[in-house]
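Residue numbers (my numbering), protein chains in the order written: chain A, 1 to 119; chain B, 1001 to 1289.
The beta-carbon is built from N, C-alpha and C at its ideal position, and this holds for glycine as well.
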């Protein structure tokens, strides 16, 4: 199982970036904590519009199963849902802490977006 | 001739100036409200509207039976309005700018043109003045295509006065481009000056001659005058902070109705603009020789 966690930096100890589409980095790890990639999301961070949709597509291409982030808008959510990626929102603290919460089963998967669309 | 009235800052008196200019021109004028997000010229002009047409934008509709999920449509769309993800094709009509790239590129002809309603264009008359306005649909974020539809009503045989939205972004640039002259309405305060200088920087790129109208000219400071001198921008008129004018506006009356003593000032303003446009065209002609 692959988990994507939005991050302000490239390390497991970096703080979570609350934004999804415009997150600075997206860290992809296996469930045991092995880092697959610290994806530089500079393109999404500067996108004109549809940042969440593009980020969703990138995660789908990388065969991610779960996304952990702060906020997820409706367009991003629809994209992630179409790709079969489960979403955990309202995450804070560090990337590592978020992963631990998932490993312990201490998270709730969302059934809908938790913020409005914005452009 | 097309004269745009812009301001940079909201609440400076753009609509007051645009409507009174049109009113003093009478049947020679066409007043076109391009502030489609919040049109308000009609409040002062009180037009009788006669026609109403819906303006929409073409958006993609995908036939999933023909689609091979090749993904070309998603690659060409810089606004992410269409994307192939797994075995699905998602469309986001509200992000679509209607360029048609996706259905032109689709080899399987799996995408057809649907439509998304942007708003309406309404036309009519306010006394002798021809009146046009656009009204953006509530919830619609993209105004430039509607502004272009509104501007398509410009009659080249009249003096078209275009009331621009406030600010200095796409809707303003869409309104003023193609104009012969831009009147920048501002007030002599630091706020007015700040927004004026941003707007002037933006529209200068278009190479259209411009002039400033100072509204509430006797308040604030002389920063705007200094700026105009430095930039070589003519000040076309100064309108004092007149209680009569403010009360008239609050009642929904035109400036030249509540304070008819300003009619001459507006006629002079048009004369001045015509002269400036004329000399500009002359300069271009001489330059071309």
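query, result
"Beta-carbon separation (whole angstroms), residue 1098 (chain B) vs residue 1055 (chain B), contact threshold 8 Å", "Residue 1098 (chain B) to residue 1055 (chain B), Cβ: 11 Å. No contact."
"7 Å Cβ cutoff, residue 997 (chain B) in contact with chain A", "What is shown of chain B runs 1001 to 1289, which leaves residue 997 (chain B) out entirely."
"Given residue 1081 (chain B) as reference, the closest of B:1102, B:1066 and B:1040 once Cα atoms are compared", "B:1102"
"Per-residue DSSP class, three states only, for residue 1279 (chain B)", "helix"
"Residues near residue 1176 (chain B) by beta carbon distance below 8 Å, same chain, minus five either side", "1004, 1006, 1162, 1164, 1182, 1203, 1206 and 1208"
"7 Å Cβ cutoff, residue 63 (chain A) in contact with chain B", "no"
"Closest Cα partner of residue 1052 (chain B) within the set B:1129, B:1036 and B:1133", "B:1133"
"C-alpha gap between residue 1001 (chain B) and residue 1008 (chain B), whole angstroms", "22 Å"
"Any C-beta of chain B under 7 Å from that of residue 54 (chain A)", "yes"
"Residue 1060 (chain B) - partner residues in DSSP beta bridges", "B:1113"
"Residue 1236 (chain B) in three-state terms, based on DSSP", "strand"
"Any chain B beta carbon closer than 7 Å to residue 44 (chain A)", "no"
"Residue 1226 (chain B) to residue 41 (chain A) span [Cα, whole Å]", "45 Å"
"Residue-level contact to chain A via CB, residue 1105 (chain B), 7 Å cutoff", "no"
"Contact residues within the stretch 74-91 of chain A, judged by C-beta distance below 8 Å to chain B", "75, 78, 79, 82, 83 and 84"
"Nearest to residue 47 (chain A) (by Cα), restricted to the options A:83, A:21 and A:65", "A:21"
"Chain A contacts from the stretch 1071-1083 of chain B (Cβ-Cβ distance under 9 Å)", "1074, 1077, 1078, 1079, 1080, 1081 and 1083"
"With 16 other Cβ atoms within 10 Å as the buried cut-off, status of residue 104 (chain A)", "exposed"
"6 Å CB neighbourhood of residue 1223 (chain B) in its chain, flanking five on each side removed", "1193"
"Residue-chain proximity (residue 1095 (chain B), chain A), Cβ-Cβ < 7 Å", "yes"
"Residue of B:1201, B:1115, B:1250 and B:1120 minimising C-alpha distance to residue 1043 (chain B)", "B:1250"
"Distance CB(residue 1198 (chain B))-CB(residue 1215 (chain B)) smaller than 7 Å", "no"
"Reference residue 1129 (chain B), options B:1274, B:1041, B:1234 and B:1281, closest by Cα", "B:1041"
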